[in-house]
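Right, one structure below, let's go through it.
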Amino acid sequence: MIYKQNVAEVIGHTDLLRIPSLSQLTDCEILVKCEFQNPGGSIKDRAALQMVQDAIARGELKPGMTIVEGTAGNTGIGLAVVAKALGFKMLTVMPKGQTPEKEKMIALHGSELMLVDPCPFANPNHFYHTAKRLGEENDSYWWANQFENISNAKAHYEHTGPEIWQQTDGNVDALVSVSGTGGTIGGCSRFLKEQNEDVQVWSIDPDGSGIYHYLKTGEYKAQGSSFTEGIGIMRTVANFAQARIDKGITLPDDDLVTVSRAVRNADGLVLGSSTALNIAGALFAAAKSGPGKTIVTFACDAGERSYSKLWNPEFLAEKGIQEDRETIEQMFNRYKTMDDSVIVNVTGKD
Ligand SMILES: Cc1ncc(COP(=O)(O)O)c(C=O)c1O
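Taking my numbering, the leading residue of the sequence shown gets 1322, the next gets one more, and so forth.
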């Protein structure tokens, strides 16, 4: 018999899925890594497992201790899965205002949940500083620190990137990714560029995230705000610092709504909001690089976790977003005709 020893061993080795409708529309292969297949339902399970394994190996995390982490949700769920599987307790510190789906999932996975008021990073009560403080003040707590702990990007350098390389037989022209901590884009871009320097790496930002501006000017500045969760960066963190990015763009929430409806209706895949942004980014990359390319991106989690925002007509109406504003064909044509000056060309390569 072949079986896994515990649920942590189920993490990773996700499928790479072709999106038929968008591949046909673009004349490219639009491929998504199905990270919702992880036991905690998101790409963050990979980072959670690697951070915990490395902390155990360093002797920092010992049996019976509590893992503490500040997170918009998915890392808390991933760490809770790993904590239970490997014999630890879990305390998640989360800002209020994330989707209730994620709060429920954290409790469901057996993590204690501490909700803090959302505030700017400079405020000592920010969820990041709260988790750090709890870790420092309590000997039986271990703070995972997903932003600066480079075991996060290592998970993607050692596993996700190699899986993509193997699943495409080394035929990958572009990698498209959003960033929350930059673990995914950091580890995958580094690995793929080591295999083939010509793989084009695209960074996709929602409104309210500072990466696009950072790539352009070296300064973090953002405009507007997005309803996406778990993504967007406003400071240089160690995992994102590893990323080897060629191009950066920023896309509005309207485009995620268009993509998510099109893919649900034509392909049967219900996307979470960061995934919808990734796939919009993949369409943009296809529009700009022309036909015949293989473009890989990530389904970071599944649509259930975005039920009360991306998939909630009342919420969208409050935000002034029209669900049928544009068809996917119109959106793709708009991308094709958009001036190249909207792209930050970091490496100058085409
Ligand atoms: C839903 C979702 N998508 C994408 C990401 C980004 O992943 P990374 O932290 O590897 O940049 C995160 C978390 O950070 C997330 O929760």
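Heads up, the beta-carbon is just placed ideally off N, CA and C, and yes, glycines get one too.
From a predicted model like this one, the values you see are computed outputs, not experimental measurements.
Item	Value
Unbroken alpha helix (DSSP H) run spanning Y1449, endpoints	1448-1458
Contact test: S1363 Cβ vs ligand 1 heavy atom, cutoff 7 angstroms	yes
Contact test: C1355 Cβ vs ligand 1 heavy atom, cutoff 7 angstroms	no
Check: A1368 C-beta below 7 angstroms from any heavy atom of ligand 1	yes
Range of the contiguous beta strand (DSSP E) that encloses W1632	Looking at the DSSP string, W1632 is not in any beta strand (DSSP E), and its letter there is neither H nor E.
Nonlocal neighbours in the same chain, by C-beta distance under 8 angstroms from E1650, ignoring five residues either side	L1346
DSSP-derived helix/strand/coil call for F1619	strand
For L1436: DSSP bridge partner residues	M1415
Cα-Cα separation, S1546 to S1363	23 angstroms
Per DSSP, cross-strand counterpart(s) of I1525	I1570
Classification of S1461 by the beta-carbon crowding that lies within 10 angstroms, buried from 16 upward	exposed
Length of the line joining the Cα atoms of V1584 and L1338	13 angstroms
Rounded separation between F1619 and G1482 - CA only	11 angstroms
Check whether A1603 and I1616 have beta carbons under 8 angstroms apart	yes
Coil, strand or helix - K1425 by DSSP	helix
Cα-Cα separation, K1405 to W1486	31 angstroms
Proximal residues to V1663 (C-beta, below 7 angstroms), its chain only, five neighbours per side dropped	I1570
DSSP-derived helix/strand/coil call for K1614	coil
Pair within 8 angstroms by beta-carbon distance, L1370 and A1474	no
Same chain only: Cβ atoms within 8 angstroms of M1386, ignoring 5 sequence neighbours per side	F1409, K1410, S1461, Y1462, W1463
Near ligand 1: N1633 beta-carbon under 7 angstroms from a heavy atom	no
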